[in-house]
Every structure is written in C-alpha cells, then in structure tokens.
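Residue numbers (the working numbering), protein chains in the order written: chain R, 102 to 320; chain F, 126 to 393.
Backbone N, C-alpha and C define an ideal beta-carbon position, used for all residues, glycine too.
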Amino acid sequence: MTEPVRVVIADDAVLLREGVARILADEGFEVVGQCGTAQAVLSLVREAQPDVAIVDIRMPPTYTNEGLVAASSIMSEFGGKVGVLVLSQYVETEFALRIVTEGRGGVGYLLKDRVADVGEFADSVRRVAKGGSVVDPEVVSLLVNRRRARGPLDELSEREREVLALMAEGRSNQAICERLFITPKTVEAHIASIFSKLELLPAADDHRRVLAVLAYLRQ
Amino acid sequence: MAGGRALTLLERGGEPLAAILHDPALLDDPGLVTSVATAVRLAVENDRLTQEVKAQLAEVRASRTRIVEATDAERRRFERDIHDGAQQRLVSLSFAIGRARSRLGSDGDPELARTLADASDEVRAALAELRELARGIHPAVLTQAGLGPAVRSLAERSAVPADLDLDLDERLPAAVEATAYFVVSEALANVAKHAGDCTARVSIRESAGTLIVDIADDGPGGADPALGSGLRGLRDRVEAIGGELTVVSPAGLGTRIEATIPISRGEA
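Next comes the structure, spelled out in structure tokens:
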C-alpha cells in the first residue's frame, strides 16, 4: 500500500484515544478523525471515509455496548468498504463471535493491551484495512483450551492445535507459515487434516474460515 | 335493647374493640359474660398481632431485596471505577512503554530494551490481574449481554468441563441475573475444589415466572449438608430476593445445587 491507511478512532477516554492515535501516526497511518461517543462515530465515518474505524466497545451514555452497536451500524451501512476494529479492556468470546459474524469486510476484536505491541497492532490494523479478520489471541486461547469432555479436538496433534489457534486469530496461510517456520504445503496439509478431523467443510475464504472455526469452538 | 338482645361493649384503651350481642338473660351470670369477653379480646388481639407481624415480615423482605439490589449497584459501580480508573491508567502506561520500545528499535541499547521489555511484561500482568479482579466483583459481560453469555464465560474458564443447557430468551431483572450468575460461579468453583476429576452440567430455564438454576456434577457426592460459607452467603442472597437454594449430595451420586428465583418483571 503506497497510500497511508486512513483511520478514525472512537473512545470516550481521551488519553487512550490520543495514545492510539499517536502510536498509529508513528507507524505511518493517517488518523483522519477522533470522537468520544457512539453517535458521533457514524457521522465521522460518513464524513471522513476512512479505511478502518477503531471503536471502543464501551462508550456513553450507558457504557455497556454502545461501541458494538456503532460497529454494527458501520458494518451494515458501509458493507465492507470500511473495516471495523473493536477494542475492549477485557475480552469475551460472545462479542468476538458477534463481531466476526456481522463483519462484511475487514473486522477485528482486540484487547486494548495489544495496542502496546506496536508492530503487531499496526499489522492488525492493516489486516483489517485489507479486509481480513483479527481475533484477539486471548479469546482464541479461551476457546481452544476450554476444559471439555473428550471430543474431536483431542484428535488434533500439538502442531495442528497451533495451526487451529492461528486460523481462529484470522491469520492467513502465509502468516501461519512465518509464525511456525513451516512451508505453505505443510500448512495446507495441517489445515486439511484439521477440517477433516473436526468434520468441517473447507471455507471459501479466510473470513469464513475464522467464522467456521470460532463457531465450532464455541459450541 | 330492642329485639330482646343485650349488647356488651368491649374497649381497649378507651377505644371500642368489639361488641358482643347476646341474650339479656346472660347478664345474670357476669362470670360467663366476662369469660366470653376475655376470649373475644384474645381472639381480636391475636388477629391484630398476626396482621402486624405479617406487615413487618413484608417490610423486612422488601428491605432485604433493597439491600441486595443496592449491593449489586455498588458492585457494578466498583467495576466501572476499576475500568475507568486504574485499568485505564495501566493501559495508558502500556502505550507509553510500547512507544518507547518502538523508538528504541532493534539496535538500541540492549539493557534498556530488556528493562522496557520487563516493564511491559509487568504492566501486562497487572492488567490481567485487574481483569480477573473485576470479573470477580461484577463481570461486565453480565450487564452487557445478560446471563447466558456470562454463564458461558464461566464455563469457558472452569477448571472442570462444564456442559451448558441454557434456555434463556430475554433479559431478566438485574438482581435476578446477578444472583443466578454468582450461584453458578460459586457452584462451579466448588465442583473444581471438591469433586476433582468430573464433569459439571449447568442448566438454566424459566418456568411459570421462576428462574430455575441447576448445577450438577458426576463427582463423588457426599457434600457436607452444612454448606460452606460461600454457598451459605449465596443462599442468603437467593432468599433475600424471594428464592430458594437446595443442595442434594448423596454419597457416590454427585452433587446437585438448585436455586429457584422468582422473576418479577415489574421491578428492574
């Protein structure tokens, strides 16, 4: 991408909002707008036409899930043209699934802690801008490591579990290769094996893959 | 008196209490009239006292409910204070450290890099602890998404496998959701502590205006009928909002905790 990725940031905590803005500016993003309420973010997106809207889940007036509602509105109104990355100070699998399910294009759900990992965070925002999915590793960990009665997940090898977790985070095959230092062919073989053991149909694209894996894990 | 009847008036503290209509002939036997009068006094007094006790009991029940609701509100406020206060500060701190590490880059002073990395790990750990603390006080997901997702969250983190059978269509009054949540939370913690290697099953459904919360395990059973302090406190809480909590734990047959909580949607 030669042009900087344009983002808007919505969070009622000014200090954090500006912290995110500064980190992204350092990394070459263009912060084209900021706001502190869910109502404001929709008009901000309409006006500024960013590539990604970064939205805190908890905003006034009730501080419950205004951010989620705003995210939904952006996703339905802009149908994939604007990526939505939801940030939260704690993560729940419930919201990860809702957000990824509703996402039309780029979509993400991350713990605010992740912003401090500047390189990774910048990479996540770029992935969302390009239409990819980003799911916080802690959400994935909860789902993959949940105590269960014996089932198909026990049939996976250690390596396959690693691949499964990375798929659930929304990583592409290429990214999985790089993380695990294995070849693309090996990754493809692992993925085929995983889908077969879990009796899942192969997914048409990365986004659907994330959805399929998350939905399976959250049964 | 006309009609050949006599009237004996009973008073209490100068106020009329009761009137006894009787055959005038009974006036010849003052002892009899007095005995009847005494009996009538007792009956009326009894009745009055019973009414008073009922009214007091209703007031005590109402105040217990208010206490539970006030406590819940306090806890929600506390959780929000943590979120907006200390937690936010630590997140902000982590951003500053992150930016510093980024500026240092990979060819900066290695000692400084290590110090910043350690600082970063500490802040991350502090944030994780705060999240756990807040969850124990009042999980935000309970307010945001209701009992179903909150219980699911418990199951995801449970040390024993927990199967869920949740039949919940709509949100419930806040006190009901919070009470039910903490019953499940404590029950699952107990299963992990006492029953070890087993599976728990949590089922929640609504029936005729009552929420029925059931947590059963297939462990060894034989739990002490005198509940641990955690469950005792929960029973008090459940009763304070008009419900009941029972524990059944035959040796060898696992333990089952059932809480029934009335759902009155008039109040929130």
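Inter-residue distance for ARG107 (chain R) and LEU297 (chain F) is about 42 Å (C-alpha atoms, whole angstroms). With respect to chain F, the C-beta atom of GLU193 (chain R) has a partner C-beta closer than 8 Å.
In the DSSP assignment, THR385 (chain F) forms a beta bridge with F:ILE337, F:GLU369. Fewer than three Cβ pairs drawn from the stretch 146–165 of chain F and the stretch 265–275 of chain R lie within less than 8 Å of each other, which leaves the two stretches out of contact. In this structure, ALA317 (chain F) sits near VAL285 (chain F), with a CB-CB distance shorter than 8 Å. In the three-state DSSP reduction, ARG173 (chain F) falls in the helix class (H, G or I). Put simply, the backbone Cα of ASP343 (chain F) is about 54 Å away from that of PRO235 (chain F). Secondary structure note for ALA320 (chain F): it is in no alpha helix (DSSP H), with a DSSP letter that is neither H nor E.
If you check the CB distance, THR385 (chain F) and GLY368 (chain F) come in under 8 Å. Per the coordinates, the alpha-carbon of GLN269 (chain F) lies some 12 Å from the alpha-carbon of VAL192 (chain R). Put simply, the CB of ALA197 (chain R) is far from chain F, with every gap to its CB atoms at 8 Å or more.
The three-state reading of DSSP puts LEU378 (chain F) in coil, since its state is none of H, G, I, E or B.
For LEU145 (chain R), the nearest beta carbon of chain F is not closer than 8 Å to its own beta carbon. Looking at the DSSP output, THR133 (chain F) sits in a beta bridge with F:ILE145.
Any Cβ of chain F closer than 8 Å to the Cβ of ARG262 (chain R) would place that residue at the interface, and such an atom is absent.
At a cut-off of 8 Å between C-beta atoms, THR165 (chain R) counts as an interface residue with respect to chain F. Spatial neighbours of GLU383 (chain F) in its own chain (CB-CB distance under 6 Å, excluding positions within 5 residues in sequence) are listed in chain order as ASP339, THR371. Short of 6 Å from the beta carbon of PRO161 (chain R), and not among the five residues preceding or following it, lie these beta carbons of its own chain, in chain order: ASP113, THR138. Judged by DSSP in its simplified three-state form, ILE155 (chain R) adopts strand. In summary, the residues of the stretch 281–299 of chain F whose CB is separated from some CB of chain R by less than 9 Å are GLU281, ARG282, SER283, ALA284, VAL285, PRO286, ALA287, ASP288, in the order they occur in the chain. The C-beta separation of ILE277 (chain R) from LEU265 (chain R) comes to about 10 Å, leaving the pair out of contact by the 8 Å criterion. The beta carbon of LEU252 (chain F) sits closer than 6 Å to those of LEU215, all from its chain and outside the five residues before and after it, given in chain order.
Between the stretch 133–141 of chain F and the stretch 216–232 of chain R, the count of C-beta pairs closer than 8 Å stays below three; the two stretches do not touch. Here SER245 (chain F) is near ILE222 (chain F), since their CB atoms are less than 8 Å apart. Closest option to GLU257 (chain F), judged by alpha-carbon separation, among F:ALA168, F:ALA300, F:GLN212, F:ILE329: F:GLN212. Looking only at R:ALA230, R:PHE196, R:VAL245, R:ALA172, the smallest Cα-Cα distance to ALA141 (chain R) is reached by R:ALA172.
Residue state for ILE283 (chain R) is assigned as coil, using DSSP reduced to three classes. For ALA250 (chain R), there is no enclosing alpha helix (DSSP H), as DSSP marks it with neither H nor E. Nearest Cα to GLY353 (chain F) within the set F:GLU204, F:ALA314, F:ILE207: F:ALA314.
For SER278 (chain F), the enclosing alpha helix (DSSP H) begins and ends at 272–282.
Taking a Cβ-Cβ cut-off of 7 Å, the neighbours of ALA265 (chain F) in chain R comprise TYR191, given in sequence order.
For GLY184 (chain R), there is no enclosing alpha helix (DSSP H); the enclosing beta strand (DSSP E) covers residues 184–189. The three-state secondary structure of LEU293 (chain F), taken from DSSP, is coil. Under the 10 Å beta carbon count, LYS213 (chain R) is surrounded by 16 or more other beta carbons and is classified as buried. At least one C-beta of chain R is nearer than 8 Å to the C-beta of LEU252 (chain F). In the three-state DSSP reduction, GLN150 (chain R) falls in the coil class, being neither helix nor strand.
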